[in-house]
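To keep things clear, I will list the structure first and then write my remarks on it.
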Amino acid sequence: MSEPAAAPEPRASQPDSTRTGPGRLLVAVYALFALAASARAGVQIATKFSHAPVAYLLSAFAGLVYILATVTLSIGSPTARRIALLSCSVELVGVLAVGTWSLADPASFPDATVWSGYGSGYGFVPLVLPVFGLLWLRRWARRNRTGGTTVTSAEDAGEAAGGGVAHGEGGAPGRGAKDVVADGR
Amino acid sequence: MSLGPGARTVGPAPRTTKRSNMSSVNGAVPTTIIVAGLALAGYALLMTALNRRMNVPLLAAVGVLEILLLVEVGIIVAKLADGARPAQLPTLIGYLIATPLVLVAAAFWGLMERSRWGPAVIAVAGLVAAVLMVRLHQIWPVIHV
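Residue numbers (my numbering), protein chains in the order written: chain W, 14 to 198; chain Y, 16 to 160.
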């Protein structure tokens, strides 16, 4: 009891995922844009597709990318993170390309898309969002590469405390570690 | 901006020196929602900055804002029932469905979080509530109660 286990047991009940902590906010904003972009594109394509087909198809594509990112970020498995990385990258390239295109050739865009003017119609959130998504995913890639042993000092402290105090109760160490980690971010 | 034939004549617009959208949202309920949404966002952001989790006062504030949003939806539905129609009816209906759902979804999503990022989700929802009022006015300028 006085000697904490070498391999920390709470690893099994590791509560962290790409949808907790800052990821909670990220997934929420992605979900918002998934809804906004796809609903808007749906209405526009259904009611007045011929008015600005390029803009509406690009909006629909953006909506699909946002949906994909929302779902994969909230799943958070290694495969999902790989797909999320791809969709965030496509999103960043898309907002830069469409933003430039919309400024260079306004005639192609009689109506705005989510990505027109680098997302200026949406407070430039479409431009910032993929950057945060990629940073968040990079943090996870790093964490996994180090095997979780030198993740953060807060987590180590939490596990050490949890392992020492309540070795008999299975749930307690994990929960203690979770709280410390969650607060640490 | 062309108004549909159903759009009623907008009352005497308030004379403003600045040409902004905010000044034209001149209804009591939407204005209250904008102020309340921004206040909620500020309070929730403060909680995030102070490393607080979701708590009862924040949830109560979310509840108050949700009631205001439902009142606004009711007012708009009453206008539609009166026979008035905006230029883009499908878009307006989409907004009417989405408006009350945003805060509820944010509250559930935020409650699942056991860290400072729960209130951060609420902050986004408060901002969205304010933006939605401006957008509703853009879709249908008669929306100023």
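For each residue, glycine too, the CB sits at the ideal point set by N, CA and C. Remember, it's a predicted structure, so these values are computed and weren't measured experimentally.
W/His64 counts as exposed, since fewer than 16 other C-beta atoms from the protein chains shown sit within 10 angstroms of its C-beta.
It is roughly 14 angstroms from the alpha-carbon of Y/Pro115 to the alpha-carbon of Y/Val139. Residue environment: W/Arg158 is assigned as exposed (fewer than 16 neighbouring CB atoms within 10 Å of its CB, all protein chains considered). The segment 141 to 155 of chain Y makes contact with the segment 51 to 59 of chain Y, as at least three CB pairs between them are under 8 angstroms. Annotation for Y/Ile90: the continuous alpha helix (DSSP H) segment containing it runs 71 to 96. For the pair of segments examined, the segment 73 to 84 of chain Y was found to touch the segment 111 to 127 of chain Y: the number of CB pairs separated by less than 8 angstroms reaches three. For secondary structure counted as the alpha helix (DSSP H) over 4 or more consecutive residues, the segment 84 to 142 of chain W holds these complete runs in sequence order: 91 to 117. Using a CB distance cut-off of 8 angstroms, Y/Val86 does not count as an interface residue toward chain W.
Here DSSP, grouped into helix, strand and coil, assigns Y/Asn66 to coil.
Look at W/Leu48: its C-beta is under 8 angstroms from a C-beta on chain Y. Shown here, Y/Ser130 sits in coil according to DSSP, grouped into three states, outside any helix or strand. As the crow flies, the alpha-carbon of W/Pro91 is around 38 angstroms from that of W/Phe122. Only residues of its own chain outside the window of five on either side were considered, and among them Val78 have a CB closer than 6 angstroms to the CB of W/Val103, listed in chain order. If you look at Y/Gln103, you'll find it isn't in any alpha helix (DSSP H); DSSP assigns it neither H nor E. Pairing W/Tyr135 with W/Ala47, the inter-Cα distance amounts to about 13 angstroms. DSSP places Y/Gly42 in no alpha helix (DSSP H); its state is neither H nor E. A direct Cα-Cα distance of roughly 9 angstroms separates W/Gly130 from W/Phe137. No beta strand (DSSP E) of 3 residues or more sits fully in the segment 23 to 59 of chain W. Residue environment analysis places Y/Val79 among the exposed positions, since fewer than 16 neighbouring C-beta atoms fall within 10 angstroms of its C-beta. In chain order, Tyr110 place their CB closer than 8 angstroms to the CB of Y/Arg150, counting only its own chain and leaving out the 5 sequence neighbours on each side.
Its chain contains Val108, Tyr131, Gly132 as the residues whose beta carbon lies nearer than 7 angstroms to that of W/Leu140, once the 5 sequence neighbours on both sides are disregarded; these appear in chain order. In this structure, W/Ala73 and W/Ala54 form a Cβ contact; the two beta carbons are roughly 4 angstroms apart against a cut-off of 8 angstroms.
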